[in-house]
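S.K.:
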Ligand SMILES: [Zn+2]
């Protein structure tokens, strides 16, 4: 008999039924550590000292053919339990169609070709456990073949099978392990590597993912002529994607303008709040009670170290490590940027919806800008009242729907009395007795008070906010890109349509007026209107004309609009008017200001040093040069302006 013949090749020490104990020919064996199970049509060999089945076969001079009655597999992979006993075998067969696998296990002294009830283990488990305990790195590959390849190159390697075979229950074996993941270079491989990475990130000590430069998998790469030394070099050069020194990675949750980190097992929560650029505030809590609050600069290591030191006086922990995790995860997320969106029918092809047609586009940033003291706030109060009432039956040409809007007025410029008085006068003028308007006085830049403003928006259920005005809401130099970017980033986190009041920039070269500040503001807004005020000197009426400077896509530029306001005691009357475009026709809005006030407002708007003649160029009607010089002299004496190195004047 074929199988009896195979059995005769081994030195048997003990027989129990169809089980034999023999001396393993593959290693120096004094304990008879080779188990042989002879079943009806196959033999199972297993060395408890850990020799592979190939080694045992080679040493005893037998082939797979000798182990099977018919069509033997081309390869047998043995999965062993931690104590070295056989868990199950995976048999690889070569068929005309390619490779197939069968699995088998021992049940009650017989070989059974299924894995029912078997607790799965990683390949090479005893070696894996030893390596992890010793602090040696372990390689995870896809499939036993690659695992054997790595093993033959001198590495401790394991596999959980193919790309789809990773199970979360495996992760316990990798606790505190230094893991190198070498996925196959295909889509399932990358998915596999992601799954493993996710599963191990709180468990392992460190993790590297090595994408081989050539070949489709490790075996392929070795067959291209690469050696273990080269593999070691590649591993050393790969960055550690995950590094945990005893402190697990926290769960990160994105919050408004910040993040929350939760280390469940440590009873520790850290919030990074009011994040702007890379600076923010850190709130550390235990039992959900904050016990430490401070500013934090994510990019400053020394700052982090000093926070760690003071935290350590309150609770002993590896705070350097904790803060390192927090800052790294924050920065990674910040730098990841925005998610890719797909431009499909939900973008752009829909005509814009309006709050007031054609002035303000719904769900987009809208800007109206004008010179100082040009009654922009009064205009905004009119729009605000019209949307709130809603004033759908007005006779002043405001195209308001009968949908009511809750408009929250965010005021950085005035105080509630100024705006309140303007509003009361206005509603008296249009014959409305009562129209409360939610109003919030703001002191800090929008990005810094986002949580608070968001809470107020929720409280009054606002769907529109007025921002009066842009400069104060940004709170930084309007000419810089980064504050502009941060401002719109903050704005996008509010579930409202913003109506932004801005100031005019005067361009020396072409005299074209634009929104004051970085071009980003104009780029980000969907609809932009310039307001021009016309007022005869000493008159109690003024005309506000609006000119569209940027139109939403697909809608073309609208005709100018204008309203005339008449101030009569504590009542403001409004009527539709003819737009006044020609600059020469209008009296300067500056005439109501004194010359020093005009100069100050010009210097403030330009925010650069200006010569007297440059200042003069911007006054309309022109103020005489000697009056400007005189005023500058007074302003300098009263410490309102100073002379810059280039002899030009700048506001203090
Ligand atoms: Zn052996």
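Residue numbers (our numbering): 5 to 656.
We put the beta carbon where it would ideally sit given N, CA and C, even for glycine.
Note that the structure is a prediction, hence the values are computed from the model and not measured.
Using a Cβ-based criterion (distance less than 7 angstroms to any ligand heavy atom), does residue 33 qualify as near ligand 1?
M.R.: Answer for residue 33: yes, Cβ within range of ligand 1.
S.K.: Going by other Cβ atoms of all chains shown within 10 Å of its Cβ, with 16 needed for buried, is residue 598 buried or exposed?
M.R.: Answer is exposed; the Cβ neighbour count stays below 16.
S.K.: Between the alpha carbons of residue 501 and residue 609, how many angstroms are there, rounded?
M.R.: Each residue's Cα considered, the two are about 26 angstroms apart.
S.K.: Using DSSP with H/G/I as helix, E/B as strand and the rest coil, what is residue 9?
M.R.: Three-state DSSP puts residue 9 in a helix.
S.K.: Considering only the alpha carbon of each residue, which of 375, 453, 107 lies closest to residue 416?
M.R.: Considering only alpha carbons, the answer is 453.
S.K.: Do you know how far the Cα of residue 137 is from the Cα of residue 170?
M.R.: Their Cα atoms are separated by approximately 22 angstroms.
S.K.: Please name the residue, chosen from 254, 262, 264, 290, that lies closest to residue 271 on a Cα-to-Cα basis.
M.R.: Nearest option by C-alpha distance: 290.
S.K.: Using a Cβ distance threshold of 8 angstroms, determine whether the region 561 to 570 contacts the region 405 to 424, with at least three qualifying pairs required.
M.R.: Counting Cβ pairs under 8 angstroms, fewer than three are found: no touch.
S.K.: Where do the ends of the alpha helix (DSSP H) carrying residue 553 lie?
M.R.: No alpha helix (DSSP H) holds residue 553; the beta strand (DSSP E) holding it covers 545 to 554.
S.K.: Residue 353 by DSSP, collapsed to three states: which one?
M.R.: Note that residue 353 has pLDDT 48, beneath the 50 cutoff, so the model's placement of it is unreliable and no number is given.
S.K.: Can you look up residue 333 in the DSSP assignment and give me helix, strand or coil?
M.R.: Reduced to three states, the DSSP call for residue 333 is helix.
S.K.: Report the start-end ranges of each alpha helix (DSSP H) in the region 358 to 399 that is 4 residues or longer and not cut off at the edges.
M.R.: You should have 380 to 392.
S.K.: Taking the straight line between their C-alpha atoms, what separation do you get for residue 11 and residue 57?
M.R.: Between residue 11 and residue 57, the C-alpha separation is close to 15 angstroms.
S.K.: Quick check: is any heavy atom of ligand 1 less than 7 angstroms from the C-beta of residue 60?
M.R.: At least one heavy atom of ligand 1 is nearer than 7 angstroms to the Cβ of residue 60, so yes.
S.K.: What number of angstroms, rounded off, separates the C-alpha of residue 504 from the C-alpha of residue 584?
M.R.: Near 23 angstroms, if we compare the C-alpha coordinates of residue 584 and residue 504.
S.K.: Which of the three DSSP states is assigned to residue 595 in this structure?
M.R.: Residue confidence for residue 595 is low, a pLDDT of 48 falling below 50, so the modelled location carries little weight; the figure read from the coordinates is stated next. Note: residue 595 maps to helix in three-state DSSP.
S.K.: Inspect the beta-carbon positions of residue 215 and residue 189 and report whether they are closer than 8 angstroms.
M.R.: Going by C-beta atoms, residue 215 is nearer than 8 angstroms to residue 189.
S.K.: Determine the DSSP secondary structure at residue 440, reduced to helix, strand or coil.
M.R.: In this structure, residue 440 counts as coil in the three-state DSSP scheme.
S.K.: Using three-state DSSP, classify residue 491 as helix, strand or coil.
M.R.: Helix, per DSSP.
S.K.: Report, in whole angstroms, the separation of the C-beta atoms of residue 647 and residue 656, which I expect to be a contact under 8 angstroms.
M.R.: In fact, because the Cβ distance is near 11 angstroms, the residues do not count as touching under 8 angstroms.
S.K.: Going straight from the alpha carbon of residue 177 to that of residue 221, what length do you get?
M.R.: Cα to Cα, the separation comes out at about 24 angstroms.
S.K.: For residue 614, does the count of other Cβ atoms within 10 angstroms reach 16, so buried, or fall short, so exposed?
M.R.: Buried.
S.K.: Does the beta-carbon of residue 151, which I'm using as the reference point, lie nearer than 7 angstroms to any heavy atom of ligand 1?
M.R.: No - ligand 1 has no heavy atom lying nearer than 7 angstroms to the Cβ of residue 151.
S.K.: So, for residue 110: in the same chain, excluding its five sequence neighbours on each side, which residues have a beta-carbon less than 8 angstroms away from its beta-carbon?
M.R.: Correct list, in chain order: 41, 48, 90, 116.
S.K.: Given residue 98, which residues of its chain have a CB within under 6 angstroms of its CB, disregarding the five upstream and five downstream residues?
M.R.: Same-chain partners within the cutoff: 78.
S.K.: Is it the case that the region 310 to 325 contacts the region 492 to 499, given that we only count it when at least three CB pairs across the two stretches are under 8 angstroms?
M.R.: Too few Cβ pairs lie closer than 8 angstroms, so no.
S.K.: Looking at residue 414 and residue 469, is the spacing between their C-beta atoms short of 8 angstroms?
M.R.: Cβ atoms of residue 469 and residue 414: closer than 8 angstroms.
S.K.: Apart from the five residues just before and just after residue 228, which ones in its own chain have a Cβ nearer than 8 angstroms to its Cβ?
M.R.: Answer for residue 228: 218, 219, listed in chain order.
S.K.: Would you kindly report the start and end of the unbroken beta strand (DSSP E) that includes residue 181?
M.R.: Element bounds for residue 181: n/a, residue is neither H nor E.
S.K.: Nearest-angstrom Cα distance between residue 393 and residue 499?
M.R.: About 21 angstroms.
S.K.: To the nearest whole angstrom, what separates the beta carbons of residue 151 and residue 118, a pair I think is in contact under 8 angstroms?
M.R.: Their Cβ separation, rounded to whole angstroms, is 23 angstroms, which puts residue 151 and residue 118 out of contact at 8 angstroms.
S.K.: So is residue 205 in contact with chain B if we call contact Cβ pairs under 8 angstroms?
M.R.: The displayed structure is made up of one protein chain only, and chain B is not part of it.
S.K.: Which partner residues of residue 124 appear in the DSSP bridge assignment?
M.R.: In the DSSP output, where bridge partners are listed per residue, residue 124 has none listed.
S.K.: Please classify residue 131 as buried or exposed, where buried requires at least 16 neighbouring CB atoms within 10 angstroms.
M.R.: When all chains shown are included, residue 131 counts as buried.
S.K.: Quick one: using the 10 Å Cβ neighbour count with 16 as the cut-off for buried, is residue 523 buried or exposed?
M.R.: It is exposed - the Cβ of residue 523 has fewer than 16 other Cβ atoms within 10 Å.
S.K.: By DSSP, does residue 215 sit in helix, in strand, or in coil?
M.R.: The answer is coil: DSSP assigns residue 215 none of H, G, I, E or B.
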